[in-house]
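As numbered in our numbering, residues 6 to 440 make up the first sequence, in order.
Even glycine gets a Cβ: it sits at the ideal position worked out from N, Cα and C.
Some notes on the structure that comes next.
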Amino acid sequence: MHDIKFIRENPEGFDAGLKRRGVEPAAATILALDTERRAVATRMQEAQNRRNEASKAIGAAKARAKVTGAEDEAAALMAEVAELKQTLPALENEEKELTARLHDELARFPNLPDADVPKGEDEAGNVEVSRWGTPRAFDFTPREHADIGPALGLDFETGAAISGARFTFLRGQMARLQRALGQFMLDRQTMENGYVECAPPLLVKDEAAFGTGQLPKFAEDLFRTTDGRWLIPTAEVSLTNAVSEQILTDGALPLRMTALTPCFRSEAGAAGKDTRGYIRQHQFDKVELVTISRPEDSSDEHERMTLAAESILQALDLPYRKMLLCAGDMGFTARKTYDLEVWLPGQGAYREISSCSNCGPFQARRMNARYRPEPGADGRKPGPEFVHTLNGSGLAVGRTLVAVLENYQQADGSVIVPEALRPYTGGLAVLVPGT
RNA sequence: GGAGAGGUGGCAGAGUGGUCGAAUGCACCGCACUCGAAAUGCGGCAUGCUCGCAAGGGCAUCCAGGGUUCGAAUCCCUGCCUCUCCGCCA
Numbered sequence: 006m007h008d009i010k011f012i013r014e015n016p017e018g019f020d021a022g023l024k025r026r027g028v029e030p031a032a033a034t035i036l037a038l039d040t041e042r043r044a045v046a047t048r049m050q051e052a053q054n055r056r057n058e059a060s061k062a063i064g065a066a067k068a069r070a071k072v073t074g075a076e077d078e079a080a081a082l083m084a085e086v087a088e089l090k091q092t093l094p095a096l097e098n099e100e101k102e103l104t105a106r107l108h109d110e111l112a113r114f115p116n117l118p119d120a121d122v123p124k125g126e127d128e129a130g131n132v133e134v135s136r137w138g139t140p141r142a143f144d145f146t147p148r149e150h151a152d153i154g155p156a157l158g159l160d161f162e163t164g165a166a167i168s169g170a171r172f173t174f175l176r177g178q179m180a181r182l183q184r185a186l187g188q189f190m191l192d193r194q195t196m197e198n199g200y201v202e203c204a205p206p207l208l209v210k211d212e213a214a215f216g217t218g219q220l221p222k223f224a225e226d227l228f229r230t231t232d233g234r235w236l237i238p239t240a241e242v243s244l245t246n247a248v249s250e251q252i253l254t255d256g257a258l259p260l261r262m263t264a265l266t267p268c269f270r271s272e273a274g275a276a277g278k279d280t281r282g283y284i285r286q287h288q289f290d291k292v293e294l295v296t297i298s299r300p301e302d303s304s305d306e307h308e309r310m311t312l313a314a315e316s317i318l319q320a321l322d323l324p325y326r327k328m329l330l331c332a333g334d335m336g337f338t339a340r341k342t343y344d345l346e347v348w349l350p351g352q353g354a355y356r357e358i359s360s361c362s363n364c365g366p367f368q369a370r371r372m373n374a375r376y377r378p379e380p381g382a383d384g385r386k387p388g389p390e391f392v393h394t395l396n397g398s399g400l401a402v403g404r405t406l407v408a409v410l411e412n413y414q415q416a417d418g419s420v421i422v423p424e425a426l427r428p429y430t431g432g433l434a435v436l437v438p439g440t
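So, in structure tokens, the structure goes:
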């Protein structure tokens, strides 16, 4: 959601930002609508003012009439109000409709990219920021996880039989490994990185899905319940909306939250993409990081959050690279995004495993999430301001499982469990095929 | 699922048709008193929109949406949420 005041003051800047994202200029039409709305609102308010004044006068006139017996004055005023009521509802409706239209317009357009976001239309424009770790040298040809996994309990057939494509049934050591990964990540994020563990609802209302930007534009990416709720596509939705419609105190910020939840995505429009294996599922676990911060702190918090995500990959000794997304490849709500891409030797490619975004006040404005800054040097209490919101994966559990399988595979089809994970696998150090 | 009670400012809590954006207390901010502090006294203290160069006006908001009325925090309807009891259930 965009700030109409910003567009009024800086229409060229608004259009320039949209252009970087490949969107046509829109400031002129938005401002025309804004002008029209304000004109109608002014006329409506003037009519309401006359009605209010007359109504007050009626009360006074009636009080006087009790003494004098003269009802004429009140009757005349009542006639005037009755006339106003002929025109007022139309003005009120018009104002309401224009306000709704303006709101929809302001909510339609994606967030504007930060100044340091590189140009580009798609992932080809993303910029590699850094690389960590050395891809392991194999003395055999590493296989893809979809080939290693089935013998270890990654059962694609049963998942498909029960639920259809893009669902997987995990058994035995594979289920254990997934659980271990989730617990491990959650412990790191809470005990070492300072994020507060949360267990949020997995089903949310329209308002929540609107707040984080899934609705109205991306409804087809979500699953919907029969009673009209939505399955969360990421815990970002539940965690970020925890502050919707609130005015937080300055001291409460930054608010750092994390949760391990299943995520549900319809993957509409992803037909044919990653159909094999465990990379793209309708349901997957993810440890999500969300930070609610003061505007001036959000850039630092963004770096901090990305490091928190990186710390998991480092602890598991998984090589990765950090990408700064270009303007055209960012999500709808982001002003700046880092992707972490893990090395998958079986595929011979880096694949996204985390995405950390600073949304600025974009989501906060949609969900009306504010805070009250500390009084300034003059001692005057400032009014509430929108918070900044950030979200990132720390990490996607399913894809981390894929990365462990491919990076730690042995020639005989077994998989070594990373050292850091063994307290979570009950000491299990090797996944052995057929057990 | 059934029965009942209720949703008012940061918090507590008055207010049952007009002068109520809303008493009072607490919290918070400023000033006075004080060597300083406490206590006390005085003043201030909701949000959004809008008109205006400004000073300062206006409109809306007492859970949400409809309705009655010249006029609604107050009356009526619907929805949402909370609490109590019963039923069911992990």
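Note down, in chain order, each residue of its chain lying with its Cβ closer than 8 Å to the Cβ of Ala-66, except the 5 sequence neighbours on either side.
-> Glu-78, Ala-79, Leu-82
Is it buried or exposed for Ser-303, if we count other Cβ within 10 angstroms and need 16 for buried?
-> buried
CB of Glu-29 within 7 Å of CB of Gly-333, strictly | no
Can you have a look at Lys-327 and say buried or exposed, based on whether 16 or more other CB atoms are within 10 angstroms of its CB?
-> buried
Count the other C-beta atoms from every protein chain shown that fall within 10 angstroms of the C-beta of Ile-167, then say buried if there are 16 or more, exposed otherwise.
-> exposed
Complete runs of the beta strand (DSSP E) confined to the region 71-145 [at least 3 residues] | 132-137
Evaluate the contact criterion for the region 347-365 versus the region 250-267: three or more CB pairs, one atom per stretch, below 8 Å.
-> no
Top-ranked residue by Cα proximity to Ile-297, from Glu-346, Pro-238, Leu-395 = Leu-395
Residues in its own chain within less than 8 Å of Leu-38 by CB, not counting five upstream and five downstream?
-> Leu-103, Arg-106, Leu-107, Glu-110
Mark Ser-60 as exposed unless 16 or more other C-beta atoms lie within 10 angstroms of its C-beta, in which case mark it buried.
-> exposed
Classify Met-335 as helix, strand or coil using the three-state DSSP reduction.
-> coil
Where does Asn-373 sit, in a helix, a strand or coil, going by DSSP?
-> coil
Note the first and the last residue of the continuous alpha helix (DSSP H) segment covering Asn-412.
-> 402-412
Nearest-angstrom beta carbon gap, Arg-148 and Gln-414 [assumed within contact, 8 Å] | 6 Å
Would you call Thr-266 buried or exposed, if buried means 16 or more other Cβ atoms sit within 10 Å of its Cβ?
-> buried
Which word fits Ala-467, buried or exposed, when buried means at least 16 other C-beta atoms lie within 10 angstroms of its C-beta?
-> Residue 467 lies beyond the stretch modelled for the chain, which goes from 6 to 440, so this question has no answer here.
Would you mind giving the Cβ-Cβ distance between Glu-306 and Ala-240, rounded to the nearest angstrom? I have them listed as a contact below 8 Å.
-> The pair is not a contact, with the Cβ atoms about 18 Å apart (cut-off 8 Å).
Pick out the complete alpha helix (DSSP H) segments inside the region 299-367, 4 residues or longer, and give them in chain order.
-> 303-320
Kindly indicate the opening and closing residues of the beta strand (DSSP E) around Ala-264.
-> 260-269
Measure the C-alpha to C-alpha separation of Arg-136 and Ile-317 and round it to an integer number of angstroms.
-> 15 Å
Taking contact to mean at least 3 C-beta pairs separated by less than 8 Å, is the region 333-347 in contact with the region 355-362?
-> yes
Uninterrupted alpha helix (DSSP H) stretches inside the region 219-251 (no shorter than 4 residues) | 240-245
Rounded to whole angstroms, what's the CA-CA distance from Val-122 to Arg-25? Just pull it up for me.
-> 10 Å
Just mark Pro-428 as buried or exposed, buried being the case when its beta carbon has 16 or more other beta carbons within 10 Å.
-> exposed
With burial defined as no fewer than 16 other Cβ atoms inside 10 Å of the residue's Cβ, what is the status of Glu-346: buried or exposed?
-> buried
Reference Thr-231; option with closest CA among Thr-217, Glu-250, Lys-210 | Lys-210
Classify Pro-221 as buried or exposed, calling it buried when 16 or more other Cβ atoms lie within 10 Å of its own Cβ.
-> exposed
CA-CA distance, Gly-365 and His-393?
-> 4 Å
Per DSSP, which residues does Lys-291 bridge with? Please list them.
-> Thr-266, Ala-401
Cβ-Cβ distance between Thr-430 and Arg-181 below 7 Å | yes
Quick one: grab the DSSP three-state call for His-393.
-> strand
Excluding the five sequence neighbours on either side, which residues of its own chain have a C-beta within less than 8 Å of the C-beta of Gly-64, listed in chain order?
-> none
Three-state class that DSSP yields for Phe-11 in the structure shown = helix
Go to Ala-214, then tell me how far its alpha helix (DSSP H) extends in each direction, as first and last residue.
-> 211-216
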